[in-house]
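Asker: Protein sequence lines, in the order shown, are assigned to chains A and B.
The opening residue of the first sequence carries number 1 in this note's numbering; numbering runs sequentially from there.
The opening residue of the second sequence carries number 1 in this note's numbering; numbering runs sequentially from there.
Ideal Cβ placement from N, Cα and C applies to all residues, glycine included.
First the structure, which I've put down as structure tokens, then a few questions once you've had a look.
Number of protein chains: 2
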Amino acid sequence: MVSKDIQRARALEKIAAHVLANGLAKTSLRQLAAAAGISDRMLLYYFKDKADVMASALVLLLSELQGTLNAALPDTGKQAPSELFSAALELVRGETMRPYMALWLEIAAQSARGDGLARMLGNQIVTGFQAWFAARLDIADPERRDEVAAALLVAVDGASLVDFASDAQATDLAAGTLAAMLTRIETGPPRSS
Amino acid sequence: MVSKDIQRARALEKIAAHVLANGLAKTSLRQLAAAAGISDRMLLYYFKDKADVMASALVLLLSELQGTLNAALPDTGKQAPSELFSAALELVRGETMRPYMALWLEIAAQSARGDGLARMLGNQIVTGFQAWFAARLDIADPERRDEVAAALLVAVDGASLVDFASDAQATDLAAGTLAAMLTRIETGPPRSS
DNA sequence: CTCTCTATGTAGCACTCGCTACATTTGTAG
DNA sequence: CTACAAATGTAGCGAGTGCTACATAGAGAG
């Protein structure tokens, strides 16, 4: 017999992949169990209840997201705000990141409705994204760097939101203007990295 | 007996209010009927099916949103991008608009998952918001005006998203930087309005 | 080999879901 | 008043939900 923990971990990976691909909506225990290739009975043997399954899967996806982000753009090369914005926007609209951004949208929507788990994840995602931007910005002053990082976070998330919601070209229209704006930003002397 | 259409309209208003307050998630026919003060049987007498109920309610809310937006900030006074951004951000985070923005988030999330109704509403909302911004921008060149309007749309939606998702102060941090950026934007000569 | 404990299957409970068949009331037209 | 159609109530169907009680299989310990 294979140990419970290992089976649990295997199931969790498949469930996380299923949630990433299909979102938070259609996630009944039976569907999740089918995605993991086990019975719903076993799912509740590995996990306490449905909330435990979802929380575990989402936490796993969150760590995957961190890894994907760091792999996509190393934090060694510091960039100007405008360049970093364009790079991040391209990244976020790409095939790899799109599913994560769609999930991020759903989590934010649930957080807005008062869901506790979503609120916790939302905080971590916002903090993580902001730190990711800050680590790649070529700005010396830490306070100023955090401010610009927050602005980039808002701009990229907003662009992704609009991109998901509409087939119109509003995102492209905004992207150029925002990138141009960011070239005129006050950054102070560049970091001596 | 009161005519079917009038009863239907009365029910629809209460249902729309309920959806605005409670979101797209907990909206079973029985809950919606209870919110309207009628039986679920009658709900399906007034509407073809659940999809018809939701579509009607959301379309109604969309028109309410347009009215609320126009009432909150008249389109007579043209503003500089930075000022309009700050005004819109304050508006969007206020008590009146917050429920609509939360609903807008949910619609965007569903649109990202391929929901047809959500996609249609998303397109209308994006178009409407962009036009709202454009009508209030003090920029003469129409193309440039649309570009800046799109940028404002993205910035405000992004700020709202981050605001909903996190209790951290990331939104405030970003707001100042974005407003400052927008003061340095190229707008061309002001409109002769 | 037996005993025991972990792992897994079967069946089902109580509930909610969207929706419908059928009966009944109630207003109105003749 | 009668006849009929519109409006409304009662009851329930079949499917899906999260979750659980119970039985069984199988591996390791003695």
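Tell me the start and end of each unbroken alpha helix (DSSP H) in the stretch 9-83 of chain A that is at least 4 residues and wholly inside, in chain order.
Answerer: 29-36, 40-46 and 50-72
Asker: Name the two residues that bound the continuous alpha helix (DSSP H) containing S111 of chain B.
Answerer: R98 to A112
Asker: Anything in chain B within Cβ reach of L60 of chain A, meaning under 9 Å, just list it in chain order.
Answerer: Ordered by position in chain B, no residue passes the 9 Å Cβ test against L60 of chain A, which lies about 19 Å from the chain.
Asker: Is the distance from the Cβ of Q66 of chain A to the Cβ of R136 of chain A below 7 Å?
Answerer: Contact: no.
Asker: Which bits of chain A does G94 of chain B rub up against, with CB to CB less than 7 Å?
Answerer: Within 7 Å Cβ-Cβ: nothing; G94 of chain B doesn't reach chain A, min ~15 Å.
Asker: Which residues in chain A have a C-beta closer than 7 Å to the C-beta of N123 of chain B? List them in chain order.
Answerer: S166, D167 and A168
Asker: Name the DSSP beta bridge partners of L137 of chain A, please?
Answerer: A:Q79
Asker: Looking at the structure shown, is I185 of chain A part of a helix, part of a strand, or coil, going by DSSP?
Answerer: coil
Asker: Three-state secondary structure (DSSP) at A168 of chain A?
Answerer: coil
Asker: If we ignore side chains and look at the alpha-carbon of each, how far apart do L69 of chain B and E143 of chain B end up?
Answerer: 23 Å
Asker: Could you check the C-alpha separation between A151 of chain B and S82 of chain B for me, to the nearest Å?
Answerer: 11 Å
Asker: Quick check on this structure: which residue in B:I107, B:R30, B:A180 and B:L161 has the alpha carbon closest to the alpha carbon of I125 of chain A?
Answerer: B:L161
Asker: Counting beta carbon pairs with one atom in the stretch 8-17 of chain B and one in the stretch 45-62 of chain B, are three or more of them shorter than 8 Å?
Answerer: yes
Asker: Looking at C-alpha atoms only, which residue of B:S111, B:M101, B:R145 and B:S86 is the closest neighbour of N22 of chain B?
Answerer: The candidate whose alpha carbon is nearest that of N22 of chain B is B:M101.
Asker: Just how far apart, CA to CA, sit R184 of chain B and D157 of chain A?
Answerer: 22 Å
Asker: Which chain A residues are close to A102 of chain B, counting only those with a beta carbon under 9 Å from its beta carbon?
Answerer: A109, A112 and R113
Asker: Please go through the same chain and pick out, in chain order, the residues whose beta-carbon is closer than 8 Å to the beta-carbon of A24 of chain A, but skip the five residues on each side of it.
Answerer: Note that residue 24 of chain A is Leu in the sequence shown, not Ala. Excluding sequence neighbours, L24 of chain A sits near M54, L103, E106, I107 and Q110.
Asker: Taking only three categories from DSSP, how would you classify P190 of chain A?
Answerer: coil
Asker: If I measure Cβ to Cβ from A170 of chain B and keep anything under 7 Å in the same chain, skipping five residues before and after, which residues do I get?
Answerer: V162
Asker: What does E147 of chain B touch in chain A if you count any residue whose Cβ is under 8 Å from its own?
Answerer: L173, A174, G176 and T177
Asker: Residues in its own chain within less than 8 Å of E95 of chain B by CB, not counting five upstream and five downstream?
Answerer: none
Asker: Counting C-beta neighbours from all protein chains within 10 Å, is the total for P190 of chain A 16 or more, i.e. buried, or is it exposed?
Answerer: exposed
Asker: I'd like the list of long-range same chain contacts for F164 of chain A, defined as Cβ closer than 8 Å, with 5 residues on each side in sequence excluded.
Answerer: M101, A102 and L105.
Asker: According to the Cβ coordinates, are A159 of chain B and V92 of chain A closer than 7 Å?
Answerer: One thing to note: A159 of chain B has its Cβ no nearer than 7 Å to the Cβ of V92 of chain A.
Asker: Kindly indicate if chain B contains any beta-carbon less than 7 Å away from that of V53 of chain A.
Answerer: no
Asker: Is the Cβ of Q31 of chain A closer than 7 Å to any Cβ of chain B?
Answerer: no
Asker: Could you check if Y46 of chain A is buried or exposed, using at least 16 other CB atoms within 10 Å of its CB as the buried criterion?
Answerer: buried
Asker: If distances are taken between C-alpha atoms only, which option among B:M120, B:D172, B:E186 and B:N123 comes closest to I139 of chain B?
Answerer: B:E186
Asker: Mapping the DSSP letters down to three states, classify D163 of chain B as helix, strand or coil.
Answerer: helix
Asker: By how many angstroms is the C-alpha of D146 of chain B removed from the C-alpha of G188 of chain B?
Answerer: 13 Å
Asker: Quick check on DSSP: helix, strand or coil for A179 of chain A?
Answerer: helix
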